[in-house]
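Below: one structure, written as structure tokens.
Numbering (my numbering), first residue to last: 19 to 507.
As structure tokens, this is what we get:
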């Protein structure tokens, strides 16, 4: 029914699946290697991070456990040794064998005994050698006497010291120092961790190989297909995934195919556009040229009639050129609108008045209705007149005898509907009615706006005014085109 000059009526191309023979296998192998390296590298990096954190936490826990054990042992020994030597400052050096047996029984490596004299001028006396690398000054005796215990670290060994109960300032104080190597960060479990890490890396490599195969081939196919499409082979298609497949490669294939279909349709519209515009330019130019030659040769009797034909055809050319310019501006977003609050009903009635003579001449009755109260919306008055004009021209082209133009208001919206009593809109035409250059399959001879651009301009202008346009078959026959714009309170 409606003309907007359909690209589908022009040449079409069958979809051609993308052939496997066109795949760049070197690129496929390179992508697989990159994916494999990235996946395995990520697993190894994760294992290293986990290992470093685990070792740090285990070392911290091992140090705390070792120090706690040493402090308990030092406290026990200080009580025992302090009681045995009492206040006798002349006790000989404790036997080395005894210290070794005590070390084994307590699970420590070294036991040192220091006697702190009551008078500050008297140096401490070592009764059993302190652990290697540790001096009496390292123990900080003043702090040790005040707190009862202290601990620290020398190299890879931890130490702890404790004092025996004593009458501070009157009798010597026994200080017992014990030391032990820090526990191995992981101990035997470290070997199992390494084994588990190796198994994980191997498993990750196997999974990565399979995953890289499943990911690389679709990506390479998509790359090759898009390059072909970019080169002009718009019929190229990727194999269509099963409907239930929703993974990323399947979505990519669908997206590439949708892009190709859209580009192929656009190419068809472009060709149809050139054919349509060429025809619409040639027809009036032929008439103008013919009548102009006749006037020049003096072979025409009715010069007035010839001038009228030339004027009509010139106006037709002017309308076509203006439509093309309007669409070009809309496409480039350089189309400025003067939006301001306007009574849509009054603006519509003014636009309809200009079509009454043409409608009467065609035997079509124009009926316009609008609410008694103003219905206000932010529109460009001039462009609104263009919208109304294009809709009425389209309706007059298909109406049998009546066109109804109605403005209504609903909460938040203003509606303009143009209804004709023509043959209506075929179901297959509805989705494409406002596309550029669309021609109805039911009535391909009918050219909307002379170029197939009028309804496309309506859609672009209405969307620029923050509105929507729709079409439907009217009850009882005919077509109804409706424009909806936001209302102002």
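Backbone N, C-alpha and C define an ideal beta-carbon position, used for all residues, glycine too.
None of these values were measured; they are calculated from a predicted model.
CA-CA distance, residue 222 to residue 60, rounds to 10 Å. Boundaries for residue 496: no alpha helix (DSSP H) harbours it, and the DSSP string shows neither H nor E there. Annotation for residue 137: no beta strand (DSSP E) segment contains it, and DSSP assigns it neither H nor E. For residue 211, the closest alpha carbon among the candidates 228, 73, 361, 412 is that of 73. When the Cα atoms are used, residue 53 and residue 428 turn out to be separated by approximately 57 Å. Residue 414 sits close to residue 377, with the two beta carbons spaced by under 8 Å. By the C-beta density criterion, residue 439 is buried, having at least 16 other C-beta atoms within 10 angstroms. Residue 339 places its beta carbon 8 Å or farther from that of residue 306. Using a C-beta cut-off of 8 Å, the stretch 162-180 makes contact with the stretch 83-93, since at least three inter-stretch Cβ pairs fall below that distance. Following the DSSP letters along the chain, one finds residue 326 in no beta strand (DSSP E) but inside the alpha helix (DSSP H) bounded by residues 321-349. Following the DSSP letters along the chain, one finds residue 416 inside the alpha helix (DSSP H) bounded by residues 399-416.
The Cβ neighbour count for residue 474, taken over all protein chains shown within 10 Å, is at least 16; the residue is labelled buried.
Under the DSSP assignment, residue 171 falls in the beta strand (DSSP E) whose first and last residues are 167-172. Under the DSSP assignment, residue 179 falls in the beta strand (DSSP E) whose first and last residues are 175-181. When the alpha-carbon of residue 382 is set against those of 401, 420, 361, 395, the nearest one is in 420.
Between the beta-carbon of residue 393 and that of residue 505 there is about 7 Å, and that keeps the pair under the 8 Å contact cut. Rounded to whole angstroms, the separation of the alpha carbons of residue 442 and residue 313 is 43 Å. In this structure, the CA atom of residue 480 is about 11 Å from the CA atom of residue 403. The beta carbon of residue 274 lies closer than 7 Å to those of 240, 243, 244, 256 in the same chain, with the five residues before and after it left out. Taking the C-beta atoms as reference points, residue 133 is found nearer than 8 Å to residue 142. Contact annotation: residue 388 and residue 425 have beta-carbon atoms nearer than 8 Å. One thing to note: residue 149 has its Cβ no nearer than 8 Å to the Cβ of residue 163.
Boundaries of the beta strand (DSSP E) harbouring residue 424: 420-428, taken from the DSSP string.
Scanning 345, 182, 326 for the CA closest to the CA of residue 454 turns up 345.
In the DSSP assignment, residue 52 forms no beta bridge with any residue. With a contact defined as Cβ atoms closer than 8 Å, residue 247 and residue 271 miss out at about 13 Å. Boundaries for residue 391: no beta strand (DSSP E) harbours it, and the DSSP string shows neither H nor E there. Under the 8 Å Cβ criterion, the stretch 62-70 does not count as touching the stretch 154-168, having fewer than three qualifying pairs. In its chain, beyond the 5 residues on either side, 180 have a beta carbon closer than 6 Å to the beta carbon of residue 93. The Cβ neighbour count for residue 499, taken over all protein chains shown within 10 Å, is at least 16; the residue is labelled buried.
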